[in-house]
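Residue numbers (my numbering), protein chains in the order written: chain A, 1 to 412; chain B, 413 to 824.
Beta carbons are placed, not taken as given, at the ideal position from N, Cα and C, and that holds for glycine.
Owing to the predicted nature of the structure, the values given are computational and were not obtained by experimental measurement.
Protein chains: 2
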Amino acid sequence: MKQSKLFTKTFKESPKDEKSLNAKLLTRGGFIYKEMSGVYTFLPLGLRVLEKIKNIIREELNKIGAQEVKMTALQKKEIWEPSERWKDEVVDDWFKTKLKNNTELGLAFTHEEPITNMMKSFVSSYKDLPIYAYQFQTKFRNELRAKSGILRGREFLMKDLYDFSLDKKHHEDFYELMKEVYMKIFQRVGIGDQTFLTISSGGSFAKYSYEFQTITGAGEDIILINREKNIAINKNDFNETLLKDFNIDSAVKFEEKKSAEVGDIYNLGDKFSRALDLKYKDKNGKEKFVYMGSYGIGVPRLMGVVVEVFADERGIVWPEEIAPFQVHLISLNQDKETEKIYQKLSKSGIEVLYDDRDLRPGEKFSDADLIGIPNRIVISKKTVEKQALEFKKRNENEVRLIDFDKLLKEYL
Amino acid sequence: MKQSKLFTKTFKESPKDEKSLNAKLLTRGGFIYKEMSGVYTFLPLGLRVLEKIKNIIREELNKIGAQEVKMTALQKKEIWEPSERWKDEVVDDWFKTKLKNNTELGLAFTHEEPITNMMKSFVSSYKDLPIYAYQFQTKFRNELRAKSGILRGREFLMKDLYDFSLDKKHHEDFYELMKEVYMKIFQRVGIGDQTFLTISSGGSFAKYSYEFQTITGAGEDIILINREKNIAINKNDFNETLLKDFNIDSAVKFEEKKSAEVGDIYNLGDKFSRALDLKYKDKNGKEKFVYMGSYGIGVPRLMGVVVEVFADERGIVWPEEIAPFQVHLISLNQDKETEKIYQKLSKSGIEVLYDDRDLRPGEKFSDADLIGIPNRIVISKKTVEKQALEFKKRNENEVRLIDFDKLLKEYL
């Protein structure tokens, strides 16, 4: 895409009402636009990143046989009363609204109740199980304060997956598989090295639970890590009993790190199937409650964490697989030559943002650093004379003069 | 995909609370699930259709340089007051909600106001225009009654595009282009022959306007058509003056047909740019209001209209380009042979729903007719003996015995 056509602009100054690094940089780069605290529009560059993250998640979930659906924001009271989550005294981040006839409705902050209720239409026998269903769906959460940029939204896209299993054993097998799938997702998104499967407290159906925590100063949590032994524990839940339960020697040393939760995986047991009466008949015709789990990833949160983890003083640094474009191609008054390179790269299937704007080199370079596309190619009088390209990775300082074929083969 | 793995089931009976054909068939086929009137979950089969329609629209809009964004449902009062559309007495289908601090918020039923407001961050000079921005975004409309299935939703996905042009002339050029783009979209979706660019009344900035109407008994509108001359007029707006204005001979004969609106294209003039103060400086440094238009397609409505137009007494009939799968492959006790065909078709890039379920042939056939995939292949003892496949199109009665290569070359 030609940058002159992109309707967004970059901004030199950070917005005054943003405190978080992710919101500052994403706003300055033209990725997001703030409608109100915790409510952001995704602009063309931001939507490209969001869609790439979604596609990674979708690919990994489809591989294990999960099926995509799309449920609704509007919610009926009747479905949330049996689990006792309708009342604002119990769940304090509901947004509520009303139909014309004054029927109270809620805006879903999660979907355990409606998906459990829906599955009653499709589950009656053990032959119907397991079911793994997921969606990318907009959640609404009436947060008192929302000042972490896209890390904590009042309206945000969430991937939520639910497993409907025969029993605890089958659920646990799937839960173990999901640990691997989640780690694969975080690796592909680019934060594998910074992300830890973290032991935390359990909820109703297990003594312990797991969450995925990514090390970042922007995080709201603190985890204790031993990298050698690959152990991470949420500081809130760290105690002698936990160490004993996981056979961890009390002499093991831990680093303390601020971190942000990027994924959670829950054993729900029969809490929701019991409340909403989701049963199946087993091989002997005996009725049993379906055993459930839920698995969440806040997609903008994940995107915001990536920004927080990799950004430097010059701007955003996108990992390859989720960058809005693979290559930022910059013409320094060599539009004819650059157009040729642009066409050649595009024909090779490479996504290129081509800076064809009539600006000074310094402005183009600082915009490229701010936007954070991982590979930068500059076409200048010098490179044309040498019949080469100037290539630089966003996260390296080295500038290479390299010919097109070698670049394509070795770096892109 | 193997049908035994699909978590949805088909239903023999229509849901008692549905009156519309689209909701009956889509529910019976396992495409949608009703949360409440006008609020539907999209199940795996339904989501596949929805995504295919979205991709057609996206492709056609990207071709003309439109840029995709994603705005928010939650809306601040301040942005809607200048255009006088905040009050429930003016716009009667708002859903309203509240922040914790009692600030009133709305759930967007459209996005003229917020996108106009947002563009103030990106538009200052004539060089910044034109901008064509669109989104696929969930709209909320507090309809008093919603009983047309997915044709009229209280919560539904809408493609809305906005043009930000220098002046009336530039807007009109784009408006003409969008007429063609919309017709191309409806052709690809499969309802080109039934869809008419229809003259209707104008709104504030033009004497006349256009909408796209598709002939269907399920429609809420009536249009007058002359197919030979390719003229369609909304019956509400039909009169002598209109005929004169469009140079239509008053002797021209029209058929009267029920129809459903599948797209609308509006000249907004400077209504919103004036209300929200979206201006640019022209070449002479003079400030002018941006000239706007808006272009909507309700994606589930379009899907529902397709169902209404093509369904027969046995079920849904999907057009090729938006079908959930291209081929419905049915094994009649020939699982080994069918598996081979399944693999071969999949390798050829064809999307196949493979009915590997342990059911009687009659049940498989009636499910295939209900689900409406355009191409059906049956593998039976007879076909295996003859080293051929049994092929039937959903919208034809002819059953062909044909070999694999010929089928692939001539029909898929």
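ask   = Using the beta-carbon count (16 or more within 10 Å), is Val399/A buried or exposed?
value = exposed
request  = Give, in chain order, every residue of the stretch 699-725 of chain B whose Cβ lies closer than 7 Å to some Cβ of chain A.
outcome  = none
Spatial distance of Ile371/A from Ala545/B (CA atoms) = 20 Å
ask   = Any idea if Glu112/A is buried or exposed, counting beta-carbon neighbours within 10 angstroms, 16 or more meaning buried?
value = buried
key: Neighbouring residues, chain B, relative to Asn142/A (Cβ below 9 Å)   = Thr509, Lys510, Leu511 and Lys512
request  = Verify whether the separation of the beta carbon atoms of Gly293/A and Asp163/A is less than 8 Å.
outcome  = yes
query = How would you write the range of the beta strand (DSSP E) that Ile64/A sits in, first residue to last?
reply = Per DSSP, Ile64/A belongs to no beta strand (DSSP E) and is neither H nor E.
inquiry  = Would Ser20/A and Lys147/A be called neighbours here (beta carbons separated by less than 8 Å)?
reply    = yes
key: Through-space distance from Arg713/B to Arg564/B, alpha-carbon basis   = 7 Å
task = Determine the direct distance from the alpha carbon of Asn474/B to that of Phe548/B, and round the result to whole angstroms.
result = 13 Å
inquiry  = If the cut-off is 7 Å on Cβ atoms, which residues from the stretch 460-485 of chain B count as contacting chain A, listed in chain order?
reply    = Gly477, Gln479, Glu480, Val481, Lys482, Met483, Thr484 and Ala485
inquiry  = Suppose only complete runs of 4+ residues qualify. What are the alpha helix (DSSP H) ranges in the stretch 4-50 of chain A, listed by chain order?
reply    = 21-28
ask   = In whole angstroms, what is the alpha-carbon distance linking Glu555/B and His582/B?
value = 35 Å
ask   = Where do the ends of the alpha helix (DSSP H) carrying Glu180/A lie?
value = Lys168 to Val189
request  = Just tell me which of Glu802/B, Phe443/B and Ser536/B has its CA closest to the CA of Ile562/B.
outcome  = Phe443/B
Every unbroken alpha helix (DSSP H) within the stretch 726-806 of chain B, with a cutoff of 4 residues, ordered by chain = 747-759, 773-783 and 793-797
key: Minimum length 4: unbroken alpha helix (DSSP H) runs contained in the stretch 73-157 of chain A   = 77-80 and 112-119
inquiry  = Per the DSSP calculation, Ser577/B is bridged to which residue(s)?
reply    = Tyr703/B
message = Within the continuous beta strand (DSSP E) that includes Lys257/A, where are the two ends?
response = Glu255 to Gly269
request  = Check Ile660/B in the structure and name its three-state DSSP category.
outcome  = coil
request  = Quickly, what does DSSP pair Lys281/A with across the bridge? List them, please.
outcome  = Ser125/A and Glu287/A
ask   = With 16 other CB atoms within 10 Å as the buried threshold, where does Asp160/A fall?
value = buried
request  = Report back the beta-carbon spacing between Ser380/A and Gln334/A to the nearest angstrom; my notes put them in contact at under 8 Å.
outcome  = 6 Å
query = Out of curiosity, what's the CA-to-CA distance linking Asp661/B and Lys669/B?
reply = 20 Å
key: C-alpha distance - Ile734/B paired with Met715/B, whole-angstrom precision   = 9 Å
query = Is there a Cβ from chain B that is less than 8 Å from the Cβ of Tyr9/A?
reply = One point to set straight first is that residue 9/A is Lys, not Tyr, in the sequence displayed. It does; some Cβ of chain B falls within 8 Å.
message = Do Leu332/A and Ile414/A have their beta-carbon atoms positioned less than 8 Å apart in this structure?
response = Because chain A in this structure spans residues 1 to 412, residue 414/A falls outside the shown range and cannot be described.
request  = Could you tell me which of Ala644/B, Trp492/B, Thr509/B and Lys794/B sits nearest to Val503/B, measuring between CA atoms?
outcome  = Trp492/B
message = Tell me which residue opens and which closes the alpha helix (DSSP H) that Asp633/B is part of.
response = Run containing Asp633/B: none in the alpha helix (DSSP H); it sits in the beta strand (DSSP E), Asp633 to Asn638.
task = Measure from the C-beta of Ile131/A to each C-beta in chain B and report whether the shortest distance is under 8 Å.
result = yes
inquiry  = If you measure between the beta carbons of Ala218/A and Glu320/A, is that distance less than 8 Å?
reply    = no
message = I want to verify the contact list: residues of chain B whose CB lies under 8 Å from the CB of Lys76/A, in sequence order.
response = Glu447 and Met448
ask   = Closest by CA to Ile57/A, which one among Pro82/A, Ala388/A, Leu157/A and Tyr33/A?
value = Leu157/A
ask   = DSSP three-state call for Ser273/A: helix, strand or coil?
value = helix
8 Å Cβ cutoff met for Val601/B and Val729/B = no
ask   = Glu308/A lies in the alpha helix (DSSP H); which residues open and close that run?
value = Val299 to Phe310
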